[in-house]
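*Asks:* These protein sequences, in sequence, are chains A and B.
The working numbering numbers the first residue of the first sequence as 49 and each following residue consecutively.
The working numbering numbers the first residue of the second sequence as 31 and each following residue consecutively.
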Amino acid sequence: MSKKELRPYFPLFALPTFIAFIIGFIVPLGLGMYLSFCKFTTVNDAVPVGLKNYSDMFKDPEFIHALWYTALFAIVSVVTINFFGFAIAMLLTKGIRGTNLFRTVFFMPNLIGGIVLGYIWQLIFNGILAHFDLTLTFSEVYGFWGLVILMNWQQIGYVMIIYIAGIQNVPPELIEAAKIDGATGRQILGHVILPMVMPSITICTFITLTNSFKLFDQNLALTNGLPGNRSELLSLNIYNTFYGRVGFEGVGQAKAVVFSLIVGVIAIIQLVLTHRKEVQQ
Amino acid sequence: MAKYVPETLQKGDLLPPEIQALVDEKKKKRSYAYNARSSPYSLLWTIILSIISVVYVVPIILVIINSFKKKAYVARNPFEIPTGKMFVGLENYKSGIEKIGFFSAFGNSLIITVGSVFVIILCCSMAGWYITRVSSIFTKAFYYLCVFSMIVPFQMVMYTLSKTADSLHLGNPIGIIVVYLGFGAGLAVFMFCGFAKSIPLEIEEAAMIDGCNPIQTYFQVVMPILKPTAISVAILEAMWIWNDYLLPSLVLDKTKYKTIPIAIQYLKGGYGSVDMGAMMAMLVLAIIPIIIFYAFSQKYIIDGVVAGAVKG
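#1: Taking DSSP's pairing of strands, which residues face A/CYS86 in a bridge?
#2: Assuming A/ASN158 is part of the alpha helix (DSSP H), what are its boundary residues?
#3: Identify the continuous alpha helix (DSSP H) that holds B/ARG163 and give its terminal residues.
#4: What residues in its chain sit with their C-beta under 8 Å from that of A/LEU198, if we drop five residues either side in the sequence?
#5: What is the DSSP secondary structure of B/ILE332, counted as helix, strand or coil?
#6: Answer with yes or no whether the minimum CB distance from A/PHE296 to chain B is below 7 Å.
#7: Go ahead and pull the three-state DSSP assignment for A/PHE254.
#8: Would you identify the three-state DSSP class for B/LYS257, choosing helix, strand or coil?
#9: If I follow the unbroken alpha helix (DSSP H) through B/MET116, where does it start and stop?
#10: Which residues of chain A have a Cβ atom closer than 7 Å to the Cβ of B/LYS288, listed in chain order?
#11: For B/THR259 and A/LEU182, what's the separation of their Cα atoms in angstroms?
#12: Using alpha carbons as the reference points, say which of A/ILE70, A/GLY233, A/TRP193 and A/ASP93 lies closest to A/THR128.
#13: With DSSP run on the structure shown, which of helix, strand or coil describes B/LYS99?
#14: Please report the distance separating the alpha-carbon of B/TYR143 from that of B/VAL208.
#15: Counting only Cβ pairs nearer than 7 Å, list the residues of chain B close to A/LEU79.
#16: At a CB distance below 9 Å, what residues from the stretch 58-69 of chain A approach chain B? Give them in sequence order.
#17: So is A/PHE264 buried or exposed if we call it buried at 16+ other beta carbons inside 10 Å?
#18: Under the three-state reduction of DSSP, which class applies to A/ALA62: helix, strand or coil?
#19: Does B/GLN295 come within less than 7 Å of chain A when only Cβ atoms are used?
#20: Quick one: Cα of B/THR190 to Cα of A/VAL218, how far?
#21: Three or more C-beta pairs under 8 Å: does that hold for the stretch 250-262 of chain A against the stretch 114-129 of chain A?
#22: Can you pull the chain B residues whose beta carbon is under 7 Å from the beta carbon of A/TYR190, in chain order?
#23: By how many angstroms is the C-alpha of A/TYR287 removed from the C-alpha of A/GLU280?
#24: In its own chain, which residues sit with a C-beta less than 7 Å from the C-beta of B/TYR287, not counting the 5 before and 5 after it?
#25: Does any residue of chain B have a CB that is nearer than 7 Å to the CB of A/ASP108?
#26: State whether the stretch 95-109 of chain A contacts the stretch 293-305 of chain A, with contact taken as three or more CB pairs (one from each stretch) at a distance under 8 Å.
#27: Report the three-state DSSP secondary structure of A/PHE106 (helix, strand or coil).
#28: A/PRO275 and A/PHE186 look like a contact to me (Cβ under 8 Å); what is the Cβ gap, rounded to whole Å?
#29: So, helix, strand or coil for A/ASN267, using DSSP?
#30: By the DSSP assignment, the alpha helix (DSSP H) with B/TYR174 in it spans what residues?
#31: Determine the DSSP secondary structure at A/GLU188, reduced to helix, strand or coil.
#32: Taking B/LEU217 as part of the alpha helix (DSSP H), name the residues at either end of that continuous run.
#33: Let me see if you follow: with CB-CB separation under 7 Å, is A/ARG145 close to chain B or not?
#34: Between the stretch 95-109 of chain B and chain A, which residues of the former have CB atoms less than 9 Å from a CB of the latter, in chain order?
#35: Leaving out the 5 sequence neighbours to the left and right, which residues in its chain are closer than 8 Å to A/LEU309 when beta-carbon positions are compared?
#36: If the cut is a Cβ gap below 8 Å, which residues of chain B does A/ASN174 touch?
Here you go:
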């Protein structure tokens, strides 16, 4: 279809999406940026206050705590999820009996929503901890490892699927050639398979990293930040700043801007890395 | 070890013994490496993976078991099989369904998910094709904004989006479809653009010469070609929308409309002490439709996830 002929059809083809995109993204984003420099309780009573929200934000010890808590959580869960996901993907590409069934089972938790997952694991953790007269909300450490285990259960299957696709794309001739040259299993893994699935590794690292940073539902259902907001991740901290404390909406919006910048920087680093890898191949 | 039979030789043909020995050795090595079923570790791995699989399923089984337990025992003895006075039959299901209005929540979730996915697929595939074919500064800017929107976390627009939706009266299961189209457009437009670029122009030109206008060309030629991408996008968006909690809880008028995640959270938040029995029963009801759906469309779901991940 030539450009000239299609152009007049803009109202039919692109306008509905465009309008919805403006309502659902552009306006809220622009307004959000503006409001991060204002003091307000509703959108209409916003008074510009300059950078005050940003300086207040860093005076909030709970926010600083949430920042470190989230970063630590993201690192631990990215490493564990990708390690186990890759290991299982390696096993499931060996042609072992029952591969399809295993794949189906491991992927399943992905489809269950965060709220439901949170309550499932709350039951389990509290059941175990009850033997020691403890609960999940006794200490932020329990909440931390609880979330790590929950996220592993949910996301190992997801990255596994992507790793399986990556490993299956490694040309068998390469592995065969390495074997003929006398490479051991470990050498083949380190020098043939790993470099070949590097694109999958970048994708999975990125997905798990941004998912961990943006995590909200699971956090809300599992511990809801207890004890005393100590197990709050960034998203929940921002949410509670907005809806839990009157008069802090501006600070909440400023936190959201900083949060977006963090996620944006991670995304850009990932894009650069992926491009570099693509050039090499 | 079976006899080595090269394609050029007939079965029963004998090779000189020294060559046969070499061939046998080579074959042994190959089969060892390539067919793990014959490797001594294969059985071990199968057993280990089976154990992990059981561990994977246990949480769900546990919830099902506890959904038949009297509520007082759920928190105290979650790992015991409900027998005798612990067993309450379907009582938890009845009270849970009543408390949170499960069926209306299910209906809302279904309307919102199906409606939004349908609208997203239709509108975004059209927009994606349009953007790819009519390239101008405007369409390019729109494309890059879509890519950008995939990165921005929901918290950034959370407050302002709920206010915008509120002022436009979108706080009902139909109105929220507009919000989902807007917020879900990023991924969908990005994926459709990526695929539309690979459609050869000649096909569309041929349709045009045969007298199709752009609308006919789109529905009769382009859309069928876009179908695999449409399925991937549908799966990814459906997984997101069905399980989404925060967006509908902020946008919908919660006194009138609840989705399943909102209803479950309400069971916890709405009452001082949580009825753990009803909670377990509702978790089971929330999981069952997903598992049934998964059982029937597993292949599409897994392929969709791979396609989405590779492009995203």
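By construction, the Cβ of each residue, glycine as well, lies at the ideal position given by its N, Cα and C atoms.
No experiment lies behind these values; they were computed from the predicted model shown.
*Replies:* If we stick to the structure as given:
#1: A/PRO96
#2: Neither: A/ASN158 is in no alpha helix (DSSP H) and is coded neither H nor E.
#3: 132-163
#4: LEU165, GLY166, TRP169, GLN266 and LEU270
#5: helix
#6: no
#7: helix
#8: helix
#9: No alpha helix (DSSP H) holds B/MET116; DSSP gives it neither H nor E.
#10: What B/LYS288 touches in chain A: nothing, since even the nearest Cβ is about 12 Å away.
#11: 49 Å
#12: A/TRP193
#13: strand
#14: Contrary to the premise, residue 143 of chain B reads as Thr rather than Tyr in this sequence. Taking the straight line joining both Cα atoms gives about 12 Å.
#15: THR190
#16: PHE58, LEU60, PHE61, ALA62, LEU63, PRO64, THR65, PHE66, ILE67, ALA68 and PHE69
#17: buried
#18: coil
#19: yes
#20: 46 Å
#21: yes
#22: Ordered by position in chain B, no residue passes the 7 Å Cβ test against A/TYR190, which lies about 16 Å from the chain.
#23: 10 Å
#24: ASN138, ASN202 and PRO203
#25: no
#26: yes
#27: coil
#28: 7 Å
#29: helix
#30: 167-181
#31: helix
#32: 205-226
#33: yes
#34: ASN96, VAL104, ALA105, ARG106, ASN107, PRO108 and PHE109
#35: none
#36: ALA105 and PRO108
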